[in-house]
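S.K.:
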Amino acid sequence: MGNINNDDTIEFDVLKNKKDLTKAILSEVYKALKEKGYNPVDQLVGYLISGDPTYITNYNGARALVRKLERDEILEEVLKSYLDVK
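Going by the working numbering, the first residue of the sequence shown is number 1173, and it counts up by one from there.
1) Classify I1182 as helix, strand or coil using the three-state DSSP reduction.
2) CB-CB under 8 Å to K1206, same chain, minus the five flanking residues each way: which ones, in chain order?
3) Please classify T1194 as buried or exposed, where buried requires at least 16 other C-beta atoms within 10 Å of its C-beta.
4) Using a 10 Å radius around the Cβ and a threshold of 16 neighbouring Cβ atoms, would you call T1229 buried or exposed?
5) What's the gap between the Cα of Y1231 and the Cα of A1204?
This is the structure:
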């Protein structure tokens, strides 16, 4: 085990972690939808508009994963990414 210097401070960035988590979850959900033969963008849009989780496959736990995020948070991160804003 390496030496740990207790004087060092680890910075926790809530916004960066939220963005990273959202991206990771959406990537996994996209992959699962694609593997099952669905159009991932259409299915995700259907879910985001309606709130109906049945738009997302249960395959590889995708439905449970996407439900870990609030739909408004997903939309916020997607818009920020699309508009290239922080």
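Backbone N, C-alpha and C define an ideal beta-carbon position, used for all residues, glycine too. It should be emphasised that the depicted structure is a prediction, and the values quoted were computed from it without experimental measurement.
M.R.: In this structure, then:
1) coil
2) For K1206, where only same-chain residues beyond five positions count, the Cβ hits under 8 Å are P1212.
3) buried
4) buried
5) 6 Å
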